[in-house]
DNA sequence: CAGCGTACCTGTAAGC
DNA sequence: TGCTTACAGGTACGCT
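Numbering (my numbering), first residue to last: 1123 to 1420.
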């Protein structure tokens, strides 16, 4: 469930299903799933056992669940999750059979459980200290230490457009590479980058230093709009790897304008959508609506 | 040090 | 049919 809308669908599901329940067992079935927890899987389990998860938070593609403080103060640590390319967080019960790629399970006192299922094991869980937020904005809730460098995402009310524009124009790269840089703006992945650039009519290799303020605002508006629309449809699911906490898939794949539509007609002008290799993957775009700039940065 | 290429995994689908 | 290759929603690390 990789990009922001899909992760937000999961966050909402976690908030509805697993908060304020005592964790009675922690099972790490694949050590790679907790490789970011440097103290090891024994410590990972020990830090969670007997606690409750107080909230479900997200920035970009990262999720975290603050652990209720035993003395009643504000949480000091949190369970941090990243879904990588194929991770799922599923709410189940004792009677649900183990998934093939089940990596970690937290059991709760009421017979429900939270399962981290991940085919490719690029995702993972860890327990991390919470630290005051260093990014811009008036509200400064705590964030897990390893994601302190992750920028705010376009759906964050404290996202600072001016700061983003300044930093973007200092870059010497193409617009798509910049949009995928989670330290500059978070939550955007390969699907929504291509969809937003199509909406903003910009080629993915357009040099960032050539973008003026109105154009940058247009790109950000396109990103936010496509993400809100995707969220309303439960996210994008090409296959059963991408589902919410109860195993339901999203429907935004039907609304995609360019991603995965090579050789099919552009929804605006009818020209065949092009696909080009990009960062070991693909970029999809309309060669007529999004012409190659005179100078290009890939 | 910013920017870019590659490695990390497993599975599916297409090509021969 | 079976083997090989290309590709997949992401990030981290090493090299230049």
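The C-beta atom is built at its ideal place from N, Cα and C for all residues, glycine as well.
Values in this document were obtained by computation on a predicted structure and should not be read as measured data.
Under the criterion of beta carbons closer than 8 Å, residue 1388 and residue 1323 do not qualify as touching, at roughly 11 Å. Counting every other CB atom within 10 Å of its CB across the protein chains shown gives residue 1256 a total below 16, marking it as exposed. According to DSSP, residue pairing for residue 1189 in a beta bridge involves 1175. The Cβ-Cβ distance between residue 1201 and residue 1249 falls below 7 Å. A direct Cα-Cα distance of roughly 49 Å separates residue 1188 from residue 1392. Where residue 1136 is concerned, the enclosing alpha helix (DSSP H) starts and stops at 1126-1139. Secondary-structure assignment with DSSP links residue 1147 through a beta bridge to 1229. Here residue 1397 has 1384, 1404, 1406 as same chain residues with Cβ atoms under 6 Å from its own Cβ, once five neighbours each way along the sequence are excluded.
Residue state for residue 1314 is assigned as helix, using DSSP reduced to three classes. Contact annotation: residue 1381 and residue 1356 have beta-carbon atoms that are not nearer than 7 Å.
When the alpha-carbon of residue 1268 is set against those of 1307, 1127, 1254, the nearest one is in 1254.
In the three-state reduction of the DSSP assignment, residue 1234 falls in the strand class, which pools E and B.
Note on residue 1246: 16 or more other CB atoms within 10 angstroms of its CB, so buried under the neighbour-count rule. According to the DSSP assignment, residue 1301 belongs to the alpha helix (DSSP H) that extends over 1297-1302. The Cβ atoms of residue 1229 and residue 1235 sit closer than 7 Å to each other. In summary, residue 1280 is exposed, with fewer than 16 beta-carbon neighbours lying within 10 Å of its beta-carbon over all protein chains present. Taking the Cα positions, residue 1196 is about 21 Å away from residue 1139. With 16 or more neighbouring CB atoms inside 10 Å of its own CB, residue 1237 falls in the buried class.
In this structure, the CA atom of residue 1275 is about 33 Å from the CA atom of residue 1172. Following the DSSP letters along the chain, one finds residue 1214 inside the beta strand (DSSP E) bounded by residues 1209-1215. According to the DSSP secondary-structure assignment, residue 1399 is paired through a beta bridge with 1404. A straight-line Cα-Cα distance of about 39 Å links residue 1295 and residue 1226. The C-alpha of residue 1320 is placed about 10 Å away from the C-alpha of residue 1314.
DSSP, reduced to helix, strand and coil, places residue 1330 within a helical segment of the structure shown.
In summary, residue 1420 is exposed, with fewer than 16 beta-carbon neighbours lying within 10 Å of its beta-carbon over all protein chains present. Your pair residue 1349 and residue 1127 checks out as a contact, with CB atoms roughly 5 Å apart and the cut at 8 Å. Take residue 1379, set aside five residues on each side of it, and the residues of its chain with a beta-carbon closer than 7 Å to its own are 1317, 1320, 1389, in chain order. Apart from the 5 residues on each side of it in sequence, residue 1135 sits with its Cβ closer than 6 Å to the Cβ of 1366, 1367 in its chain, given in chain order.
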